[in-house]
Amino acid sequence: MDTYYHPKDLAHFPDIGRDAPELWSKFMAWYTAVFAEGALSEREKALIALAVAHTVQCPYCIDAYSTACLEKGADLEQMTEALHVAAAIRGGSSLVHGVQMRTHVHKLSM
Amino acid sequence: MPETSPTLLKRSHPLASADSQRQVLDQIVTPSFAEAVAGAGYRPLKARSIEVLQINLGKRCNQTCRHCHVDAGPDRPEVMSEEVLEACLNFLAARDIPTVDITGGAPELHPGFRVLVERARALGRQVIDRCNLTITRLPNYAYLPEFLARHHVEVVASLPAYGIKQTDLQRGGGVFSESILALQHFNELGYGVEGTGLVLNLVTNPVGAFLPGNQVSLEREWKRELKRRHGIVFNKLYTITNMPISRFLEFLETSQNLESYMERLIQAFNPQAVAGLMCRSTLSVGWDGKLYDCDFNQMLDMALPQHMLDIQLGELEERVIQTGAHCFGCTAGAGSSCGGVTTG
Ligand code: SF4
Ligand code: SF4
């Protein structure tokens, strides 16, 4: 079946650097630094990445960071809670725009 | 007590034979490990000394963990004979090998376990017991913690996670709570407590087809969580990569993870992990006296030409190590051995 997303494409991610090696190496250096242990642990960062992956709906990132979370010692419970945090922010951010809707409606209404 | 399930052997599963395990691994197209290692400057890979004599007392165990590379369990009959045990002790007495690492199955089930510990300690060797913890909760083995403490045996205990779910999933229902009680008892005796000299190290294997995390940061977290949740202290945490052998190989096959797992291991090949490979400083003895480069080669039946009963002194150091695709498990990421990572 033809599809836009192929799981095996993730391994070809570095191909993106082929025609822009300098930009790629800058991205990689920054990316690696972002995920290194710092004020947040590697596990916490992987959980954040997993949550964000769900909000940007990137299947590659979901696979990669599900594995990363397990490798960094997170379990399914923690991963599911992280997902709920992302979903709650998504839901909440939609709802909070309701204020804009209400303001607009009030402005137009008699 | 832990729930157990039948071993591969009991189920007459094809993977019960080392031959068929090797065939399965050979069918997957992998780069040659010997070549990968040669690229890191080791052509061929050789032992550098024997610092650890690892004695596998047999395949009997009170658990049947799903990742077990030994296919150990209550239904396995293989145990080391007195003759081979005696030969191990004679070998030890004649050689300057500082550490004796006792493994199995559950090595404590062997009737000669106590004698082995006592005599190896009398020879002044450091003794490690690879303990599955729950064994100490069985009525006939409740003496073990005090016995091990009396002889200053280092306890290396396996626990895949500090939570119940993952532990019971990998090692069998009921294992977690029994393991926690066992650890608390070891602590009461001074094990893992600073200043006592009684060493309690924990080993964690991933519960599935992924690599272990960073040993340093996991240790920090484990220490905090085991203390907070159960008041438990310990010395070090070792992270060990699951080897594509025996029951873990069965899991990889049935879950259709085999190819991607091997890919992951190969992709994570770390040349810096080669120098510290445990086979370079270990000699492993099987229950039947056959000799191997490591416990994994033992399970794949990759024996050395020598045998414990007719061993010639001096011929094992600097031997060429026999390798295969499974060896990528030891060089992935930070490297993996019975003593945790092999780098840093
Ligand atoms: S992993 Fe250890 S405790 Fe579990 S079945 Fe194998 S030998 Fe026994
Ligand atoms: S599996 Fe054994 S022989 Fe192969 S690298 Fe690991 S320790 Fe060495």
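Respectively, the protein sequence lines represent chains B and U. Note that the first sequence covers residues 170 to 279 in the numbering used here. Note that the second sequence covers residues 624 to 967 in the numbering used here. For glycine and all other residues, C-beta sits at the position ideal for the given N, C-alpha and C.
- Message: U/Cys688 and U/Arg794 - do their beta-carbons sit closer together than 8 angstroms?
- Response: Yes, they are a contact pair.
- Message: Output needed for B/Pro228: all residues of its chain with C-beta closer than 7 angstroms, excluding positions within five of it in sequence on either side, in chain order.
- Response: Apart from sequence neighbours up to five positions away, the residues of its chain that approach B/Pro228 with a beta-carbon distance below 7 angstroms are Tyr174, ordered along the chain.
- How about U/Pro730 and U/Leu676: are their beta carbons less than 8 angstroms apart? Not a contact, by the Cβ cut-off of 8 angstroms.
- Item | 8 angstroms Cβ cutoff, B/Asp244 in contact with chain U | Chain U has a Cβ within less than 8 angstroms of the Cβ of B/Asp244.
- Item | Beta-carbon neighbours of B/Glu250, restricted to chain C and to distances below 7 angstroms | Looking for chain C here will not work: the only protein chains present are B and U.
- Query: So which residues on chain B does U/Lys788 lean against when the C-beta distance must stay under 9 angstroms?
  - Reply: Within chain B, the residues near U/Lys788 are Asp244, Leu245, Glu246.
- Item | Interface flag, U/Leu849 vs chain B, CB-CB below 8 angstroms | Any Cβ of chain B closer than 8 angstroms to the Cβ of U/Leu849 would place that residue at the interface, and such an atom is absent.
- Task: Starting from the Cα of U/Leu771, find the closest Cα among U/Val707, U/Ala641, U/Thr759, U/Leu782 and give me that residue.
- Result: The shortest C-alpha separation from U/Leu771 is found at U/Thr759.
- List in chain order the residues whose CB is within less than 7 angstroms of at least one heavy atom of ligand 1. Near ligand 1, meaning a beta-carbon closer than 7 angstroms to one of its heavy atoms, we find U/Cys684, U/Gln686, U/Thr687, U/Cys688, U/His690, U/Cys691, U/Val693, U/Ala695, U/Gly696, U/Gly727, U/Gly728, U/Ala729, U/Asn755, U/Ser781, U/Arg794.
- Just mark U/Thr954 as buried or exposed, buried being the case when its beta carbon has 16 or more other beta carbons within 10 Å. Per the 10 Å Cβ criterion, buried.
- Item | chain B contact for U/Leu888 (CB, 8 angstroms cutoff) | Not closer than 8 angstroms to any Cβ of chain B, the Cβ of U/Leu888 fails to qualify, so no.
- Message: Within 8 angstroms of any Cβ in chain B, is that where the Cβ of U/Pro700 sits?
- Response: Taking 8 angstroms as the threshold, the shortest C-beta distance from U/Pro700 to chain B does not fall below it.
- Item | Local Cβ density within 10 Å of B/Val275, reported as buried at 16 or more and exposed below that | Checking the sequence shown, residue 275 of chain B turns out to be His, not Val. If you draw a 10 Å sphere on the C-beta of B/His275, you find fewer than 16 other C-beta atoms in it, and that means exposed.
- Message: Counting only Cβ-Cβ distances shorter than 9 angstroms, please list the residues of the stretch 814 to 831 of chain U near chain B, keeping chain order.
- Response: If the cut-off is 9 angstroms between Cβ atoms, the stretch 814 to 831 of chain U has Thr827, Pro829, Val830, Gly831 near chain B.
- With 16 other Cβ atoms within 10 Å as the buried cut-off, status of U/Thr726: Buried, by the Cβ-count rule.
- Where does U/Tyr861 sit, in a helix, a strand or coil, going by DSSP? Assigned with DSSP and collapsed to three states, U/Tyr861 falls in strand.
- Task: Determine the DSSP secondary structure at U/Cys902, reduced to helix, strand or coil.
- Result: Here U/Cys902 sits in helix by DSSP.
- Query: How is the beta strand (DSSP E) around U/Leu676 delimited, first residue to last?
  - Reply: Counting along the chain, the beta strand (DSSP E) containing U/Leu676 begins and ends at 675 to 679.
- Task: Could you check if U/Arg742 is buried or exposed, using at least 16 other CB atoms within 10 Å of its CB as the buried criterion?
- Result: Counting Cβ neighbours within 10 Å, U/Arg742 comes out buried, since at least 16 surround it.
- Query: Helix, strand or coil for U/Lys846 per DSSP?
  - Reply: Helix, per DSSP.
- Around the C-beta of U/Thr862, are 16 or more other C-beta atoms found within 10 angstroms, so that it is buried, or is it exposed? That one is buried.
- Message: Less than 7 angstroms separating the Cβ of U/Thr946 from some heavy atom of ligand 2?
- Response: Indeed, a heavy atom of ligand 2 lies less than 7 angstroms from the Cβ.
- Of the residues B/Glu206, B/Met248, B/Ser263, B/His273, which one's Cα is nearest the Cα of U/Ser840? That would be B/Glu206, whose Cα lies nearest to the Cα of U/Ser840.
- Query: How about U/Gly796: is its C-beta nearer than 8 angstroms to some C-beta of chain B?
  - Reply: Using a Cβ-Cβ cut-off of 8 angstroms, U/Gly796 does not count as an interface residue toward chain B, since no Cβ of chain B sits closer than that to its own.
- Query: Looking only at DSSP bridge pairs, what is U/Asn920 linked to?
  - Reply: Under DSSP, U/Asn920 takes part in no beta bridge, so it has no partner.
- alpha helix (DSSP H) segment containing U/Ser869, residue limits: Segment 869 to 877, the alpha helix (DSSP H) holding U/Ser869.
- Message: Taking the alpha carbon of U/Ile720 as the reference point, which residue from U/Gly952, U/Thr905, U/Gln945, U/Gly963 has its own alpha carbon closest?
- Response: Comparing alpha carbon positions, the residue from U/Gly952, U/Thr905, U/Gln945, U/Gly963 closest to U/Ile720 is U/Thr905.
- Three-pair Cβ contact test at 8 angstroms for the stretch 844 to 860 of chain U versus the stretch 255 to 274 of chain B: No, the stretch 844 to 860 of chain U is not in contact with the stretch 255 to 274 of chain B.
- Closer than 8 angstroms by beta-carbon distance: list the chain B residues that pair up with U/Glu844, in chain order. Result: Ser210, Arg212, Gly242.
- Quick one: what's U/His930 bridged to in DSSP? Assignment of beta-bridge partners to U/His930 by DSSP yields U/Lys913.
- Item | Own chain partners of U/Gln895 with C-beta closer than 7 angstroms, once the 5 adjacent residues on each side are dropped | Sequence-distant Cβ neighbours of U/Gln895 in its own chain, meaning closer than 7 angstroms and more than five residues away, are Thr966.
- Message: Suppose contacts are defined by Cβ-Cβ distances below 8 angstroms. Is U/Ser802 in contact with U/Leu782 by that definition?
- Response: One thing to note: U/Ser802 has its Cβ within 8 angstroms of the Cβ of U/Leu782.
- Message: Which same chain residues end up closer than 8 angstroms to U/Gln929 when comparing Cβ atoms and leaving out the 5 residues on each side of it in sequence?
- Response: Answer for U/Gln929: Leu914, Gln935, Glu938, Leu939, listed in chain order.
- Query: According to DSSP, is B/Val203 helix, strand or coil?
  - Reply: Note: B/Val203 maps to helix in three-state DSSP.
- Buried or exposed: B/Trp199, going by 16 or more other Cβ atoms within 10 Å of its Cβ? So B/Trp199 counts as exposed.
- Message: Quick check on DSSP: helix, strand or coil for U/Asn824?
- Response: Here U/Asn824 sits in strand by DSSP.
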